[in-house]
Amino acid sequence: MTIKVSRRVFGAGVFAAGLVGTSGGSFAQGTPKRGGTLVATWGGGEPQACYVPAGGGSSPTFSSSKLFERLAKRNMDGTFEGVLAESWKPAADFKSYTVKLRKGVKFHDGKDMTVDDVVYSVSEIWKKYAVASALTDFVGIESPDAETVVFKYNNPTPEFFFASTLCSPVAYIVPKHVYAGSDPVTNPANNAPIATGPWKFKEWVRGSHFEYVKNENYWKKDEPYLDRLIIRYVRDPAGRAAAMEAGDIHIGVFNPVAPPDIKRLTGTGKFVATPKGYEEAVWSTTLECNMRNPVFAKREVRQAMFHAINREFIAKTVYYGYARPGTSPIYSPNKEFYTADVFKTGFDPKKAAALLDAAGFPKKGDGKRFTLNLLSAGWFQENGKVGAYVKQALEDVGVGINLTVPDRPTSLKRIYTDYDYDLAISNQANPSEPVPSTTQYFTTDGILKGVPFRNASGYSNPDVDKLVASIKVETDPAKRKALVVEFQKIIAQEAPLLPLVELESITLASTKVQNHSNDPNFLAASWGDLWLAS
Amino acid sequence: MAGELVSPTPALRGSARRTAALRLLRRRLIQAVPLMLGVVVINFCLIQMAPGSFLELMTAENQVSDPATVELLRKTYGLEDPVWMQLLKYIWALLHFDFGFSYRQNMPVIQAIWIHLPATVLLMVSSITLAITIGVAAGVVASMKVRTFWDSLVSIAAMFFYAAPSFWLGIMMIVLFSVKLGWLPVGGMMKIGGTGGVLEILHHLILPTLALGLFYAAIYTRVMRSSMLEVAQLDFVRTARAKGLSRNKVTIHHVLRNALLPVVTILGVQMGTVLAGSVVIESVFSWPGVGSLLFDSVSSRNYPVVLGIMVLGSLVVIAANIAVDLVYMWLDPRIEIR
Amino acid sequence: MQRFEFLGRFARNRGALIGACLILVVALMAIFASVFFPTDPLRIVGLPELWPGEDPEFPLGTDSLGRDILSMIVHGARATLLIGLFASAVATIIGVGVGAIAGYFGGWVDEVAMRAAELFQTIPNLIFVLTIVVILGSTLTNIVIAIGIVSWTPIARMTRAEFLSLRDREFVQACRSMGMSDFRIIVSEILPNALPPVIVLSSLVVAGAILFESAVSFLGLGDPNVASWGRLVGDGRQLIRSSWYICAIPGIAIMITVLCLNLVGDGLNDALNPKLRDR
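Protein chains in written order, with this note's numbering: chain U, 1206 to 1739; chain R, 1448 to 1785; chain Y, 40 to 318.
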């Protein structure tokens, strides 16, 4: 199907034309002005609790990251910087890391942050809930003195991996005196958290907003610049657009309004839209094959599925240009590990048909080779549209498709517990560090029945397992990258699960807002350095 | 769902009326109990048949993989008991006004519903008021100018609003009044960052009320019109006219009061559908009421909340019907309702 | 003779006649949809969001993916009418069954039946439908069953009322004395006489079923493989600023269909009860 030029493509064209805002990528002019209230929103809904120890998805991450802090953060230029940690050093054998903690940090209730809080957070919260899958080799944490902790691992642990763990979205340092002795999951402090960040919890009006106030005793002497931060939740994108237009909301992260509204609002000159600030949380829409269906035994059949699909069309029509075709299980913004030099499953319906014929699936009397159940996970509206298109694309090469678009609970159950699908359209959000977020979709030990966002396709390849095991313990960055490149090459050709498109998440902000989108996971940043120009 | 009409007895007066009303009240309340039980059992069975359970969603949100922790969560959330025991426990709790705990909102179910209730009550009351006002007025006008241009106009308008799906009507009104003309807000109950004042809420209330209420206004118009025409032909009205009373006086005192009876009856029956209709309207207008809560809870398999809403909704219907019966008895003293 | 009188009365009602003709048009659209529009209506065939008239190939424009709206409207007629008819059939079968038994046997059977009817009337209907559909899955069958379950009570009451008045008539007593079984009396003697008002009610239930289905599809719980009118309105919600025709057109289709069904139902009602006609 030829791509006709559509006037609706807002994404790529808009950014190329520089309509986004200032060049050079920084949204700050002049010296920070003090005072004022920033009202923010995002493209999703209200969280179930302000802070969810296990993560709980992007919503509680968004609300809690303004209050809590982590040991480290990543900068836009790729370097790591200590937050609650000052520095860290690996041991010679890379089986332990010594972390020096920052002094003079206080919790919002006035108590000092001590080494006990860090030990508690890591052993009780991180290990059990927040980053459990990243800490499989983690043995324990010790505190040789009041300003130092030592992370101990079973195996050599690469530095990039360790630093990424410290930067994980919900790897917070929580107050031991609030959480010790309780069940962290149901602790009422989760709805009115005490933490160390630039913002203090003031109020949660359910169904409406969070109100945070400036932490006067924040360890960073200058920050925060603003007096108040309000996070508003609006059910419907049109309502958010109206509120931003009226000046009632200053900034919205993670696609707060529909693409046509982005164009309209930036056209007034009072708003900027930017895809920056999502480099450590790159979303994608993926297609996976259930290996348990014998039809997918041959990898040519799986490749044929992808060859039949026009990813450009999906990017331009379903996502209005705010997406780009994906090729590798690791996404293009990932500067450390991404390679474009992989087997390409580009749009080629003739090749798809030929591969299917060669694999022993000719078109039968009714024009169909075989029929598959396509499940499009219903948590994003776009997935339904992608599903409708994929159905048509596959039917065009002779594969019969039954499409269902169940709601969130049913989708989770059918994909990750019952494995009740042949093809599934789902989504991922991956950081730069491939272990475990990306690799757990492709390893045998990633097959955990009932646990979502793991290996549901059932793909099990001992070569890949060995490769991932060596990626986990390879401490030389160059060698590690080579291993990850090899991983991408294998997966791209094996095609059990590949991205259809990488999504471009957008932050929309009033031109008054300064210093936004300056963190590779801006949604999960603490926003202490934002300010409002007049 | 009004009670069965017993054949008209000689008019009851004063204390006899009060006793009859109390009798009715008591009887109805007793009848309500097995009804509520039936509602709870039906709803509970339905939710149990769901393919995706709340526990699965909870563990998914918490990214729990350790089977021991999953079991612990199962125990904590009370999902370990066999189904029939869950049901019995739930009924027992209901009798103590404990509707359970909603883990999604992290608060008791009754509190979650309570927070959303005022918005829905506001919407329902304003819609029904609008519907009755327009319906009765239009019906009376049409009946008094029967078979003229006005009558036809009213009838056609009524047909239009009766057939138009309310959600579509709502969207079209948003397109006209919000997007194109900019007079009214696109949705929500108050302005984001607004003060929440009465005027602001009323401003936001206009479109949802119209969208929900015009359908019922159409029904009441038609019922009122035919009821008026029917009553106008009855003996006692002719008698009044013959006595020389003016047409208008006759209309208001005699005809209207009796013609209202069918409208009142329908009102009782409609309470359930108005509540149901508000689910769709709340979705169209992002109105933060019980309908939105219900839709969210149905989508996330949050069955304590769904059950709570259905039970309370049924209670509302039962209460409304009892009220309707009482009003009916008040309007027509000849009637006693069993 | 009686039948011709009936038809005559019906025809004299202009509204009912117009309604019947339009319903016929809709029915023809539904039946011959594949003839006029042989391509799958859910196929992406053109540029997305084309306004009606912008491209002569798509007289009613295209939706957000690029599907032909006119094709979806015509094919949607089939889904809409089928759902309406089958849901009404389910409701009629349940309602007539319950009402007949309640009205004929009386006593505790009647009590139980009426309590059951009250129960189903107490639960707010759309909420009930939504829950059933969400639980059992969004297929056409489930939606039909769900709508049937919430719509049977008025039919049951009407059937019961008819049976109550008919069961003590002479011809029934005569049948009883002849030794006819209850079942035969109900089905072959009373039912044919009780049916006419029930049929009228069923036609109104069809209209109600169409409105239900469109609401369910609008909320996103409909069958994604079916081009239902309600779903089209739901799909167009995000685009009301620029392409509001995507919402407007299918809504008009629903409204016209329901309107015509109401007119026909009214006409049938008037034709059955001529003494009330003169208003």
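We put the beta carbon where it would ideally sit given N, CA and C, even for glycine.
Cα-Cα separation, residue i to residue j
i	j	result
Leu-1289 (chain U)	Val-1320 (chain U)	11 Å
Lys-1278 (chain U)	Leu-1728 (chain U)	13 Å
Ile-293 (chain Y)	Phe-1607 (chain R)	11 Å
Pro-1374 (chain U)	Pro-1461 (chain U)	20 Å
Ser-1684 (chain U)	Tyr-1664 (chain U)	Reading the sequence as shown, one finds Lys at residue 1684 (chain U) and not Ser. Spanning the two alpha carbons is a distance of roughly 25 Å.
Leu-56 (chain Y)	Lys-1556 (chain U)	58 Å
Ala-310 (chain Y)	Pro-235 (chain Y)	10 Å
Ser-220 (chain Y)	Thr-192 (chain Y)	27 Å
Gly-273 (chain Y)	Gly-1592 (chain U)	17 Å
Met-1619 (chain R)	Met-1449 (chain U)	23 Å
Gly-1230 (chain U)	Asn-1726 (chain U)	With a pLDDT of 49 at Gly-1230 (chain U), under the threshold of 50, the predicted position of this residue should be treated as unreliable, though the coordinate-derived value follows. So the alpha carbons of these two residues sit roughly 15 Å apart.
Asp-1545 (chain R)	Arg-1659 (chain U)	38 Å
Ser-1328 (chain U)	Val-1257 (chain U)	17 Å
Leu-1708 (chain U)	Val-1458 (chain U)	14 Å
Pro-1403 (chain U)	Ser-1348 (chain U)	26 Å
His-1651 (chain R)	Ser-1637 (chain U)	45 Å
Leu-1659 (chain R)	Thr-1544 (chain U)	56 Å
Val-241 (chain Y)	Arg-196 (chain Y)	Residue identity differs from the one stated: residue 241 (chain Y) is Ser in this sequence, not Val. About 13 Å.
Val-1511 (chain R)	Thr-1370 (chain U)	Summary for Val-1511 (chain R): the model assigns pLDDT 49, below 50, so the residue's position carries little reliability; its value from the coordinates is reported in the next sentence. Distance between the alpha carbons of Val-1511 (chain R) and Thr-1370 (chain U): 18 Å.
Arg-1275 (chain U)	Ser-1739 (chain R)	36 Å
Beta-carbon gap between residue i and residue j smaller than 8 Å
i	j	result
Ser-267 (chain Y)	Gly-115 (chain Y)	yes
His-1512 (chain U)	Pro-1554 (chain U)	yes
Glu-1732 (chain U)	Asn-1632 (chain U)	Rather than Glu, the amino acid found at residue 1732 (chain U) in this sequence is Trp. Cβ atoms of Trp-1732 (chain U) and Asn-1632 (chain U): not closer than 8 Å.
Ile-1514 (chain U)	Phe-1552 (chain U)	yes
Ile-1560 (chain R)	Leu-1759 (chain R)	yes
Ile-1653 (chain R)	Leu-1623 (chain R)	no
Leu-1714 (chain R)	Val-1771 (chain R)	yes
Pro-1655 (chain R)	Leu-1570 (chain R)	yes
Phe-97 (chain Y)	Leu-89 (chain Y)	yes
Leu-1541 (chain R)	Val-1487 (chain R)	yes
Val-1745 (chain R)	Thr-178 (chain Y)	no
Gly-142 (chain Y)	Arg-199 (chain Y)	yes
Glu-1352 (chain U)	Lys-1308 (chain U)	yes
Ile-1197 (chain U)	Arg-1437 (chain U)	Chain U is shown from 1206 up to 1739; residue 1197 (chain U) falls before or after that span and cannot be answered.
Status (buried if at least 16 other CB within 10 Å, exposed otherwise) for residue i
i	result
Met-1510 (chain U)	buried
Cys-60 (chain Y)	exposed
Gly-100 (chain Y)	buried
Asn-1280 (chain U)	exposed
Asp-1546 (chain U)	exposed
Ala-1376 (chain U)	buried
Met-1496 (chain R)	exposed
Ile-238 (chain Y)	exposed
Ser-1387 (chain U)	exposed
Trp-1615 (chain R)	buried
Ser-1228 (chain U)	For Ser-1228 (chain U), the predicted model reports a pLDDT of 38, less than 50, meaning its position is unreliable; a value from the coordinates is still stated below. With fewer than 16 Cβ atoms within 10 Å of its Cβ, Ser-1228 (chain U) is classed as exposed.
Glu-1408 (chain U)	exposed
Glu-209 (chain Y)	exposed
Proximity test, residue i beta-carbon vs the ligand FMN heavy atom, cut-off 7 Å
i	result
Phe-1312 (chain U)	The ligand FMN is not among the ligands present in this structure, which contains no ligands whatsoever.
### Task
Name, going along the chain, the residues of the region 1604-1617 of chain U whose beta-carbon falls closer than 9 Å to a beta-carbon of chain R.
Pro-1611, Asp-1612, Arg-1613, Pro-1614, Thr-1615, Ser-1616, Leu-1617
| field | Inside the region 1581-1645 of chain U only - alpha helix (DSSP H) runs reaching at least 4 residues | value | 1586-1601, 1613-1621
field: Near-chain Y residues of the region 1729-1746 of chain R - C-beta to any C-beta below 9 Å
entry: Ser-1730, Val-1731, Gly-1738, Leu-1741, Phe-1742, Val-1745, Ser-1746
| field | Residues from the region 1453-1487 of chain U in contact with chain Y, defined by Cβ distance under 7 Å | value | Ala-1463, Pro-1465
Please name the residues in the region 1396-1419 of chain U whose beta-carbon is closer than 7 Å to at least one beta-carbon of chain R, in chain order. Asn-1396, Arg-1411, Gly-1412
| message | If the cut-off is 8 Å on Cβ atoms, which residues from the region 271-283 of chain Y count as contacting chain U, listed in chain order? | response | Gln-277, Leu-278, Ile-279, Arg-280, Ser-281
Between the region 1437-1451 of chain U and chain A, which residues of the former have a C-beta closer than 7 Å to a C-beta of the latter? Within the model displayed, chain A is absent; protein chains U, R and Y are what it includes.
Point to revise | Every unbroken alpha helix (DSSP H) inside the region 1571-1607 of chain R [4 residues or more] | key: none
Exercise for the section: Would you mind listing the beta strand (DSSP E) stretches within the region 1319-1401 of chain U that are 3+ residues and don't spill past its ends, in chain order? Expected result: 1343-1350, 1353-1358
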